[in-house]
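K.L.:
Structure below; questions to follow.
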Amino acid sequence: MSRRTWALPIPTKGLGPLETMTLILCLLAMPVQASEQLGLIFVYRSDCAASRAFSASLKAVTDHYHMAVLPVSLDDRRFTEWPGTVRNHGQAQALGIERVPFLALFDQTTGALAPIASRYLPPAHLEQRIAQTLEVLHEK
Numbered sequence: 514m515s516r517r518t519w520a521l522p523i524p525t526k527g528l529g530p531l532e533t534m535t536l537i538l539c540l541l542a543m544p545v546q547a548s549e550q551l552g553l554i555f556v557y558r559s560d561c562a563a564s565r566a567f568s569a570s571l572k573a574v575t576d577h578y579h580m581a582v583l584p585v586s587l588d589d590r591r592f593t594e595w596p597g598t599v600r601n602h603g604q605a606q607a608l609g610i611e612r613v614p615f616l617a618l619f620d621q622t623t624g625a626l627a628p629i630a631s632r633y634l635p636p637a638h639l640e641q642r643i644a645q646t647l648e649v650l651h652e653k
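If you read the sequence shown in this note's numbering, its first letter stands for residue 514, the second for the next number, and so on.
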């Protein structure tokens with residue numbers, strides 16, 4: 514599978530880190546062609562304390578920025594905040610996910626995946642990691 518770099522249609526040169534992060538995170542919430550292809554995949558186990566804590570952080574960030582999330586449960590049990598959770602039918606293994614919680618940015622049209630985190634992060638740090646991942650992809 515070939516990797517594809519996302520072309521994000523926002524200028525970030527000359528902006529400070531906070532402005533850049535805000536623009537990048539808002540891109541995920543904008544209903545435009547480029548943002549419609551981007552989403553987050555969240556893989557978890559319901560019996561994992563780190564997954565539970567990470568889920569709360571992720572929910573706060575994604576609700577604030579209106580980001581699309583595809584939650585995948587490794588044990589077929591859902592967290593109440595993710596009613597759209599899908600069962601793992603080998604997706605985690607195919608993506609090479611070895612530990613949870615796991616969060617990645619993905620391109621829905623190409624299937625390209627950019628890992629963001631594989632451990633608990635509080636909301637502020639999670640926002641930064643998402644923004645950094647988008648910024649790195651934008652620079653490529």
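In this text, a Cβ means the ideal position worked out from N, Cα and C, and glycines have one as well. Note that the structure is predicted; figures quoted are calculated from it, not measured.
(1) In the DSSP assignment, find the alpha helix (DSSP H) that holds S568 and state where it starts and stops.
(2) Suppose the cutoff is 7 Å on Cβ atoms and the five residues either side in sequence are ignored; what does the same chain contact list for T622 look like?
(3) What separation, rounded to the nearest whole angstrom, lies between the Cα atoms of Q654 and Y633?
(4) Can you tell me which residues form a DSSP beta bridge with G552?
(5) Threshold first: 3 residues or longer. Then list the beta strand (DSSP E) segments lying entirely within the segment 581 to 643, N to C.
(6) Look at the Cβ atom of V492, then the Cβ atom of V585, and state whether they are nearer than 9 Å.
(7) Report yes if the CB atom of L553 is closer than 9 Å to the CB atom of L618, and no otherwise.
(8) Please list, in chain order, all residues of the same chain as L608 whose beta carbon is under 7 Å from its beta carbon, the five residues on each side excluded.
P.N.:
With the structure as the only source:
(1) A562 to Y578
(2) Q550
(3) Residue numbering for the chain in the displayed model covers 514 to 653; residue 654 lies beyond these limits and cannot be assessed.
(4) F619
(5) 582 to 586, 615 to 620 and 626 to 630
(6) In the structure as shown, the chain begins at 514 and stops at 653. Residue 492 is therefore absent and cannot be evaluated.
(7) Yes, the Cβ-Cβ distance between L553 and L618 is below 9 Å.
(8) L626
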